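Q: Numbering (our numbering), first residue to last: 11 to 164. Take this structure first; my questions come after.
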Ligand SMILES: [Zn+2]
């Protein structure tokens with residue numbers, strides 16, 4: 011049974027087509043010799059910069075990193091933390107959604123992030139991160155907390 015994508019009512023924003031193309035271009039650089047599931051991501055920052063990412067697999071499997079998290083790590087390490095949208099490209103139909111770990115990583119910075127899911131056949135689905143990960147654990151859940159009795163030391 012194919013997964014059902016709960017799409018937001020809006021059609022994919024045509025303004026994101028360049029972002030989708032960047033994700034498709036990145037996908038061609040994916041390192042996925044084990045799964046052969048090539049993924050590209052392109053993260054648009056509020057300052058206009060775009061950071062791309064690919065999945066990078068590892069022979070130990072557990073060290074594999076997804077395209078979306080690669081893009082986030084690249085952006086944050088270059089000083090960008092405010093994101094406008096992310097495009098994710100695969101050859102899957104329907105276009106694949108990000109895994110739970112990537113959803114949580116993106117939610118660290120924005121729960122309202124538009125996500126354009128794209129595939130190589132030209133299909134596009136736009137969703138919001140809050141749709142894919144409702145009630146995300148947020149930085150605000152940790153910040154401004156009083157110190158626990160005893161300072162939290164064991
Ligand atoms: Zn992932």
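Beta carbons are placed, not taken as given, at the ideal position from N, Cα and C, and that holds for glycine. Every value quoted in this text rests on a predicted model; they were computed, and no experiment measured them.
1. Could you check where the alpha helix (DSSP H) with residue 89 kicks off and where it finishes?
2. How many angstroms separate the CA atom of residue 46 from the CA atom of residue 91?
3. Which one of 41, 118, 127 has the shortest CA to CA distance from residue 52?
4. Consider the C-beta atom of residue 109 and the heavy atoms of ligand 1; say whether any pair is separated by less than 7 Å.
5. In terms of alpha-carbon separation, which member of 42, 139, 58, 83 lies closest to residue 67?
6. So for residue 14, helix, strand or coil by DSSP?
7. Starting from residue 69, trace the alpha helix (DSSP H) in both directions and tell me its first and last residue.
8. Buried or exposed: where does residue 58 fall if 16 or more other Cβ atoms within 10 Å of its Cβ makes it buried?
9. Return the bridge partner residues of residue 124 from the DSSP annotation.
10. Classify residue 115 as helix, strand or coil using the three-state DSSP reduction.
11. What I want to know is whether the C-beta of residue 79 ends up closer than 7 Å to one or more non-hydrogen atoms of ligand 1.
12. Applying the 10 Å Cβ sphere with the 16-neighbour rule, what's the burial state of residue 142?
13. Confirm, please, whether the CB-CB distance from residue 95 to residue 116 is below 8 Å.
14. Quick check: the Cα distance between residue 72 and residue 145, rounded to an integer number of angstroms?
A: A quick look at the data gives this:
1. On the chain shown, residue 89 is found 79 positions in, with the first residue counted as 1. Residue 89 -> no alpha helix (DSSP H), and no H or E assigned at all.
2. Position 36 of the chain shown, counted from the start, is the residue given in the question as residue 46. Position 81 of the chain shown, counted from the start, is the residue given in the question as residue 91. If you take the alpha carbons of residue 46 and residue 91, they lie about 30 Å apart.
3. Here residue 52 is taken as the residue at index 42 of the chain shown, counted from 1. Nearest option by C-alpha distance: 127.
4. Start at 1 with the first residue of the chain shown, and residue 109 comes out as number 99. Flag set: Cβ of residue 109 near ligand 1.
5. Taking the chain shown and counting its residues from 1, the one referred to as residue 67 is at position 57. The candidate whose alpha carbon is nearest that of residue 67 is 42.
6. On the chain shown, position 4 is the one that residue 14 refers to. Bear in mind that a pLDDT of 47 at residue 14, under 50, signals an unreliable position, so the model cannot answer this.
7. Taking the chain shown and counting its residues from 1, one reaches residue 69 at position 59. Premise fails: residue 69 is in no alpha helix (DSSP H) and is neither H nor E.
8. On the chain shown, position 48 is the one that residue 58 refers to. Burial call: exposed.
9. Sequence index remark: in the chain shown, residue 124 carries index 114 (1-based). Answer is 138.
10. Sequence index remark: in the chain shown, residue 115 carries index 105 (1-based). Three-state DSSP puts residue 115 in a helix.
11. Translated into the one-based positions of the chain shown, residue 79 becomes position 69. Yes, since a heavy atom of ligand 1 falls inside the 7 Å radius drawn around the Cβ of residue 79.
12. Counted from its first residue, the chain shown places residue 142 at position 132. So residue 142 counts as buried.
13. Residue numbering aside, residue 116 sits at position 106 when the chain shown is read from its first letter. Residue numbering aside, residue 95 sits at position 85 when the chain shown is read from its first letter. Going by C-beta atoms, residue 116 is not nearer than 8 Å to residue 95.
14. The sequence position of residue 72 within the chain shown is 62, counting from 1. The sequence position of residue 145 within the chain shown is 135, counting from 1. The alpha-carbon atoms of residue 72 and residue 145 are separated by roughly 27 Å.
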